[in-house]
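What follows is a single structure, written as structure tokens, with notes after it.
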Amino acid sequence: MSKTKEFFTVYGIGAAGYSLLEIIWRGFTHWTMALTGGMCFWLVYRIGEKFSGLSLWKRCLMGCAAITAVELGVGCLVNLALKMDVWDYSGQPFDLWGQVCPLYSALWFLLCGPLFLLSRLLRSRVCKAR
65 MSKTKEFFTV YGIGAAGYSL LEIIWRGFTH WTMALTGGMC FWLVYRIGEK FSGLSLWKRC
125 LMGCAAITAV ELGVGCLVNL ALKMDVWDYS GQPFDLWGQV CPLYSALWFL LCGPLFLLSR
185 LLRSRVCKAR
């Protein structure tokens, strides 16, 4: 599979999965979350590929940091700059501008384990990349 097709496959799965997860968790989603989810899963996919020799907890920490950083960037753009009010974590302890908080970063850490397994499956069976 070409790198372009691989990117769009992984991005599409991430966009759909993130949106579904948000619908299950909050009862609704926003189109910007599909874009965010695609990018987050692409980053987790690449971390799994580039750092496969690291222990799972270290990869999960990297994945959680990447997802939290993407959510912070998207949140600053869509919530603070564009005033779309997609989410607001200002009621959570230790939130950063209402866009990210330790609770959700911890949940992303836990979710990264299954995401790395899915990434490996995609690479070996669907994308046929190394």
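Residue numbers (my numbering): 65 to 194.
Built from N, CA and C at the ideal position, the CB exists for glycine as well.
Please read all numbers here as calculations on a predicted model, not as lab measurements.
Quick one: residues in its chain with C-beta nearer than 8 Å to the C-beta of residue i, no 5 flanking neighbours on either side, listed in chain order?
{"i": "Thr100", "result": "Tyr82, Val134, Glu135 and Val138"}
{"i": "Ser66", "result": "none"}
In three-state DSSP terms, what is residue i?
{"i": "Val74", "result": "helix"}
{"i": "Leu118", "result": "coil"}
{"i": "Leu144", "result": "helix"}
{"i": "Arg194", "result": "Confidence is the limiting factor: at Arg194 the pLDDT is only 47, short of 50, which leaves the residue's position unreliable, though a coordinate-based value still follows. Arg194 falls in the coil class under three-state DSSP."}
{"i": "Val138", "result": "helix"}
{"i": "Val164", "result": "strand"}
{"i": "Thr93", "result": "coil"}
{"i": "Gly155", "result": "coil"}
{"i": "Met65", "result": "coil"}
Do residue i and residue j have their C-beta atoms within less than 7 Å of each other?
{"i": "Ala79", "j": "Gly112", "result": "no"}
Ordered along the chain, which non-local residues of its own chain (more than five positions away) have a Cβ less than 7 Å from that of residue i?
{"i": "Thr93", "result": "Ser83, Glu86 and Ile87"}
{"i": "Cys124", "result": "Phe173, Cys176 and Gly177"}
Taking residue i as the reference, which of the options has the closest Cα?
{"i": "Trp161", "options": "Leu144, Ala170, Phe173 and Gly177", "result": "Leu144"}
{"i": "Cys183", "options": "Ala170, Pro166 and Val74", "result": "According to the sequence shown, residue 183 is Ser rather than Cys. Of the listed residues, the one whose Cα sits closest to Ser183 is Val74."}
{"i": "Trp89", "options": "Leu185, Val190 and Trp151", "result": "Trp151"}
{"i": "Ala170", "options": "Met126, Tyr109 and Asp149", "result": "Met126"}
{"i": "Leu181", "options": "Ser119, Lys69, Gly91 and Met97", "result": "Ser119"}
{"i": "Phe71", "options": "Leu146, Ser188, Arg110 and Gly91", "result": "Arg110"}
If I measure Cβ to Cβ from residue i and keep anything under 6 Å in the same chain, skipping five residues before and after, which residues do I get?
{"i": "Ala130", "result": "Leu107"}
Using the C-alpha atoms, what's the distance from residue j back to residue i?
{"i": "Thr132", "j": "Cys104", "result": "9 Å"}
{"i": "Thr68", "j": "Val142", "result": "27 Å"}
{"i": "Lys195", "j": "Trp95", "result": "Since the first and last residues shown for the chain are 65 and 194, residue 195 lies out of range."}
{"i": "Ser188", "j": "Cys128", "result": "23 Å"}
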